[in-house]
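Take the sequence shown: its position 27, counting from 1, is numbered 26 in numbering that gives the first Met the number 0, and each next residue is one higher. Cβ atoms here follow ideal geometry from the backbone N, Cα and C, with glycine treated the same way. Nothing here was measured: the structure is a model prediction, and the numbers come from that model. The block underneath contains the structure these notes are about, expressed in structure tokens.
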Amino acid sequence: MRRFLLAVSLSVGLGSGAFAQNAEIEANISAQIQAFKANDFATAFTFASPSIQRLFQTPDNFGQMVRNGYPMVWRPADIRFLELREVAGALWQKVMITDANGRVHILDYQMIPLEGGWKINGVQLLGNADPAA
Numbered sequence: 000m001r002r003f004l005l006a007v008s009l010s011v012g013l014g015s016g017a018f019a020q021n022a023e024i025e026a027n028i029s030a031q032i033q034a035f036k037a038n039d040f041a042t043a044f045t046f047a048s049p050s051i052q053r054l055f056q057t058p059d060n061f062g063q064m065v066r067n068g069y070p071m072v073w074r075p076a077d078i079r080f081l082e083l084r085e086v087a088g089a090l091w092q093k094v095m096i097t098d099a100n101g102r103v104h105i106l107d108y109q110m111i112p113l114e115g116g117w118k119i120n121g122v123q124l125l126g127n128a129d130p131a132a
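Below is the structure:
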């Protein structure tokens, strides 16, 4: 009986850690998207990893890239978080975004842990999805 209780408590502890990690990652992505919706590129830039910040150098450059390359992220109508998974040692958060025209897009956010919390280290557009599916 003791072993069973130990196994259950260990599983619950591990599960709650994963849940907290998932919640922090979702909050980070959501906050960046909210900053984009407010045209606050300086704040949106703070959610990017240092390598992304070096690549774009300024919040304005970063904002222009998002407006032109990821308009569904800049002005989403709806956001839904799908699975968080590990691929080759990196964490990837899959996100379904519906744009203003009702088109559904699936994006993959690579997340990295830093001292100040989770940062977005890249985004891949996986494709469009049928909203009826």
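Query: Residue from ASP107, PRO58, GLY88 whose Cα sits closest to the Cα of PHE143; Result: No answer is possible for residue 143: the residues shown for the chain start at 0 and end at 132.
Query: Outcome for ALA34 when other beta-carbon atoms lying within 10 angstroms are tallied against a minimum of 16; Result: buried
Query: TYR108 - partner residues in DSSP beta bridges; Result: GLN92, VAL122
Query: 7 angstroms Cβ shell around TRP73 - same chain, five flanking residues per side excluded; Result: PHE35, VAL65, ARG66
Query: 4-residue-minimum alpha helix (DSSP H) runs that sit fully inside the segment 11 to 68, ordered along the chain; Result: 40 to 45, 49 to 55, 58 to 68
Query: Outcome for GLN123 when other beta-carbon atoms lying within 10 angstroms are tallied against a minimum of 16; Result: exposed
Query: Touch test, the segment 107 to 122 against the segment 86 to 93, Cβ-Cβ under 8 angstroms, three pairs minimum; Result: yes
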